[in-house]
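Taking it in order: structure first as structure tokens, then the write-up.
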Amino acid sequence: MDEVKQLVTDIKNKKLKPIYFLMGEEPYYIDKISDFIENTILAEEERGFNQMVLYGRDITVEDIVSHAKRYPMMAEHQVLIVKEAQDLSRTIEKLVSYAENPQPTTVLVVNYKYKKIDKRKSLYKTLKKTGIIYESKKLYENQVADWIRRVLSPKKYTISPKAAQMLVEFLGTDLSKINNELEKLQIILPEGTQISPEHIEENIGFSKDYNNFELRKAIGEKNTIKAYQIINYFAENPKDNPMVVTVSLLFNFFSQLLHFHGLSDKSPRNVASALKVNPYFVNEYIAAARHYPMRKVSAVVATLREFDVKSKGVGAHAVPQGDLLKELLVKILSN
């Protein structure tokens, strides 16, 4: 995020590079940087003659070079944006000859999503010298809640840890989807609001009481009634609560609990750091550890491995998802 801010600042200050090669698994920042360049470098009246958008599936690398070598008309620069450039992955190395001697009046932006070029090859080494390479890495799940807070902060919003966790649970690590939902909330809620689980439930549609986050907590506390209520809700709404996601999240929780048992320093600060979780959730691990000593945690992890296979249809073709979830819950709570 800091690298993106520096890029944006340099572009605002007209410290331009002839090539911006934007690559990586997470498309959110690739789109953000590309859109910023598209809307910033040229004045609106200059764009008609001096700004062009091409798509990788429709062109060749030679086409890109041909357009990039043109001179701007009545402007200091021309801007050439290549979207979906990953469609040119087999021939992208041919861009090296242009990268060695780029046209100084052209700003070439290459959006190379979901992939990255080989850092051992000439194109990468050349771009590092003559242009900018930005690699957009996918965030780990435990990093997304912090990202949400950082995105909201300059917009004068905050979010509770549980609400952030709900977004991560239901939307995963897809930053574009999360940002879209946050923007919807910012339209509805006044500045200065702390986004709560109730706001998520009312405006986005995720239940604050019947979700994997609450199921994990109920299982950790061995709150049998609550856990069965949530499982029954999942059984009645299988499309919104796929079993494979539930098993994956529970597996992560109990794997972290196994790690917790192995810590010599179980102070809240050290637990949060070692498990890479928000300090708000540390008490959940402390409570769960009382109900599940290491031997039981190992048994639960083995059970979750078994049901992970079943949730994907292996050895349980005719068994409804709801029934599998109930069977899983019985086995976990009996440990």
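Going by the numbering used here, the sequence shown runs without a break in its numbering and finishes at 409.
Backbone N, C-alpha and C fix where the C-beta goes; we use that ideal spot for every residue, glycine too.
Distance check for residue j and residue i, CA to CA, integer angstroms please.
{"i": "Q177", "j": "K88", "result": "16 Å"}
{"i": "N306", "j": "G396", "result": "7 Å"}
{"i": "Y354", "j": "V139", "result": "52 Å"}
{"i": "L201", "j": "L332", "result": "45 Å"}
{"i": "S171", "j": "S250", "result": "34 Å"}
{"i": "D132", "j": "L182", "result": "17 Å"}
{"i": "M240", "j": "Q152", "result": "44 Å"}
{"i": "L378", "j": "R290", "result": "13 Å"}
{"i": "V321", "j": "T180", "result": "51 Å"}
{"i": "A238", "j": "R369", "result": "32 Å"}
{"i": "Q80", "j": "A363", "result": "43 Å"}
{"i": "F280", "j": "D314", "result": "9 Å"}
{"i": "I233", "j": "A309", "result": "30 Å"}
How far does the alpha helix (DSSP H) with residue i in it reach, from first residue to last?
{"i": "F123", "result": "121-124"}
{"i": "D105", "result": "101-114"}
{"i": "E167", "result": "E167 -> no alpha helix (DSSP H), and no H or E assigned at all."}
{"i": "N326", "result": "317-335"}
{"i": "Y354", "result": "Unbroken run through Y354: none, as it is neither H nor E."}
{"i": "Q395", "result": "395-407"}
{"i": "S250", "result": "249-262"}
{"i": "F280", "result": "No alpha helix (DSSP H) holds F280; DSSP gives it neither H nor E."}
{"i": "S140", "result": "135-142"}
{"i": "N306", "result": "298-310"}
According to the Cβ coordinates, are residue i and residue j closer than 8 Å?
{"i": "E358", "j": "G294", "result": "yes"}
{"i": "V184", "j": "A219", "result": "no"}
{"i": "K212", "j": "M97", "result": "no"}
{"i": "I166", "j": "E112", "result": "no"}
{"i": "K187", "j": "I104", "result": "yes"}
{"i": "E100", "j": "S210", "result": "yes"}
{"i": "G130", "j": "D161", "result": "yes"}
From which residue to which residue does the beta strand (DSSP E) around residue i run?
{"i": "Y208", "result": "206-209"}
{"i": "Q152", "result": "152-157"}
{"i": "T180", "result": "180-187"}
So, under 8 Å CB-CB, residue i and residue j are touching, yes? Tell me the CB distance rounded to an integer number of Å.
{"i": "A301", "j": "L403", "result": "6 Å"}
{"i": "I115", "j": "L90", "result": "7 Å"}
{"i": "L323", "j": "N286", "result": "5 Å"}
{"i": "I206", "j": "I304", "result": "Not quite, the Cβ-Cβ distance comes to about 47 Å (not below 8 Å), so this is no contact."}
{"i": "T267", "j": "Y231", "result": "6 Å"}
{"i": "I252", "j": "L259", "result": "Incorrect: roughly 11 Å between the Cβ atoms, too far for contact."}
{"i": "A149", "j": "E120", "result": "4 Å"}
Using DSSP's beta-bridge definition, name the partner residues of residue i.
{"i": "Y94", "result": "V183, I206"}
{"i": "V127", "result": "I155"}
{"i": "T232", "result": "Q268"}
Could you check whether the Cβ of residue i sits closer than 8 Å to any Cβ belonging to chain C?
{"i": "Y145", "result": "Of the protein chains in this structure there is only one, and it is not chain C."}
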